[in-house]
Ligand SMILES: NC(=O)c1ccc[n+]([C@@H]2O[C@H](COP(=O)([O-])OP(=O)(O)OC[C@H]3O[C@@H](n4cnc5c(N)ncnc54)[C@H](OP(=O)(O)O)[C@@H]3O)[C@@H](O)[C@H]2O)c1
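Residue numbers (the UniProt record's numbering): 1 to 329.
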């Protein structure tokens, strides 16, 4: 399996798999053991993300497995539910927000001491373009106790929270990613939900945000869907303080130099790709697949003008940042 091959290259000493049900994970553990061999210790830790006691217990068990001076290099917060009817967890929180965000938030918080000891640390949060449907509702995460709830808005809020959490971690010095893997066929995510809810996605998005959701992605296979997570978790070139990764990659914000320009060049090598690279201070990049747009991220007018120029962007790579020297001028 190519995905496991990439994980093997990272030579993990430990691979800790957290899930609700060991019987579903055991075949995965067996396959990993076959591919990675005995140099990687694979451990299962039970967790139910919608129960914070279970989440704290899981974090404690991970810490125990990894030992007193244990460290974590990569944490992938992948689990999620989507589009479920209104329900609340034990502590009275709407279930999509609780499972998709709160559980991962508490797990990560509890593992921070181990993450702080890690090498080239990354936290990878599986968000979704579903974030477009609904902003985070800090004053009313429970949608007026369900009266203002619909399953897509609940999912959207939780996926927006994943992105905000990613930014929060980055601000605290932990390299973090929020990613959209694409529309992946063949997973369990939409099993058992009423698919008719998607018919009103534009209407719901407009009610929540004033904008339409837009067109639905072209579907991808599970293997293709995993690729974005693998790049975020293991590709050395993708390091940096914070990233929002989308599955097709045409837009790189902050592509004038450093990582951004190399990334834009790299993406442009794929035939058929149209890379939109935003540049600050008049840099240019003359490559056939690259469209350059001027952007000064410190000025709202410039940001709005640049956004209007982008005709199509499936992927947004937020790379731009200023260094200490620029902060002082
Ligand atoms: N598939 C897509 O098109 C798509 C698009 C955008 C974003 N995403 C995101 O990608 C991530 C993975 O989705 P997927 O498509 O692979 O879905 P999936 O096949 O349904 O897998 C979801 C995973 O989450 C686990 N999980 C759910 N509730 C849990 C809980 N309370 N405690 C612990 N584990 C729990 C499930 O474990 P069990 O086996 O125990 O249920 C399962 O392993 C999600 O965060 C999703 O929002 C997916």
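We treat Cβ as the ideally placed atom computed from N, Cα and C, and that holds for glycine.
Assumed close pair residue i, residue j - CB separation to whole angstroms, cut-off 8 Å
{"i": "residue 6", "j": "residue 234", "result": "6 Å"}
{"i": "residue 133", "j": "residue 205", "result": "5 Å"}
{"i": "residue 66", "j": "residue 114", "result": "6 Å"}
{"i": "residue 107", "j": "residue 161", "result": "About 14 Å separates the two Cβ atoms, so there is no contact after all."}
{"i": "residue 165", "j": "residue 125", "result": "6 Å"}
{"i": "residue 232", "j": "residue 179", "result": "6 Å"}
{"i": "residue 81", "j": "residue 131", "result": "With a Cβ gap of about 15 Å, residue 81 and residue 131 do not count as contacting."}
{"i": "residue 122", "j": "residue 71", "result": "Between residue 71 and residue 122 the Cβ distance is about 13 Å, and since that is not below 8 Å, they are no contact."}
{"i": "residue 94", "j": "residue 143", "result": "7 Å"}
{"i": "residue 151", "j": "residue 197", "result": "5 Å"}
{"i": "residue 110", "j": "residue 56", "result": "6 Å"}
{"i": "residue 50", "j": "residue 89", "result": "5 Å"}
Residue i to residue j span [Cα, whole Å]
{"i": "residue 29", "j": "residue 170", "result": "31 Å"}
{"i": "residue 203", "j": "residue 229", "result": "30 Å"}
{"i": "residue 246", "j": "residue 293", "result": "Annotation note: pLDDT 45 at residue 246 (below 50); position unreliable, coordinate value reported separately. Roughly 19 Å between the two C-alpha positions."}
{"i": "residue 84", "j": "residue 60", "result": "30 Å"}
{"i": "residue 74", "j": "residue 11", "result": "12 Å"}
{"i": "residue 39", "j": "residue 96", "result": "37 Å"}
{"i": "residue 221", "j": "residue 208", "result": "30 Å"}
{"i": "residue 279", "j": "residue 44", "result": "45 Å"}
{"i": "residue 19", "j": "residue 77", "result": "11 Å"}
{"i": "residue 225", "j": "residue 26", "result": "22 Å"}
{"i": "residue 22", "j": "residue 185", "result": "24 Å"}
{"i": "residue 137", "j": "residue 24", "result": "34 Å"}
{"i": "residue 86", "j": "residue 158", "result": "13 Å"}
{"i": "residue 104", "j": "residue 153", "result": "19 Å"}
{"i": "residue 189", "j": "residue 223", "result": "15 Å"}
{"i": "residue 16", "j": "residue 183", "result": "26 Å"}
{"i": "residue 79", "j": "residue 37", "result": "26 Å"}
{"i": "residue 149", "j": "residue 92", "result": "15 Å"}
{"i": "residue 308", "j": "residue 9", "result": "41 Å"}
{"i": "residue 201", "j": "residue 64", "result": "44 Å"}
{"i": "residue 291", "j": "residue 304", "result": "17 Å"}
{"i": "residue 112", "j": "residue 295", "result": "35 Å"}
{"i": "residue 212", "j": "residue 62", "result": "42 Å"}
{"i": "residue 98", "j": "residue 302", "result": "37 Å"}
Simplified DSSP assignment, three categories, for residue i
{"i": "residue 135", "result": "coil"}
{"i": "residue 72", "result": "coil"}
{"i": "residue 91", "result": "coil"}
{"i": "residue 122", "result": "strand"}
{"i": "residue 304", "result": "helix"}
{"i": "residue 53", "result": "helix"}
{"i": "residue 293", "result": "strand"}
{"i": "residue 221", "result": "coil"}
{"i": "residue 40", "result": "coil"}
{"i": "residue 141", "result": "coil"}
{"i": "residue 46", "result": "strand"}
{"i": "residue 77", "result": "strand"}
{"i": "residue 28", "result": "helix"}
{"i": "residue 248", "result": "The predicted model places residue 248 with a pLDDT of 40, which falls under 50 and marks its position as unreliable, so this point remains unresolved."}
{"i": "residue 287", "result": "coil"}
{"i": "residue 19", "result": "strand"}
{"i": "residue 216", "result": "coil"}
{"i": "residue 277", "result": "strand"}
Near ligand 3: residue i beta-carbon under 6 Å from a heavy atom
{"i": "residue 80", "result": "No copy of ligand 3 occurs in the structure displayed; its ligands are ligand 1 alone."}
| Hey, which unbroken runs of the beta strand (DSSP E) at 3 residues or more fall wholly within the segment 158 to 202? | For the segment 158 to 202, whole beta strand (DSSP E) runs of length 3 or above, ordered along the chain, are 176 to 179.
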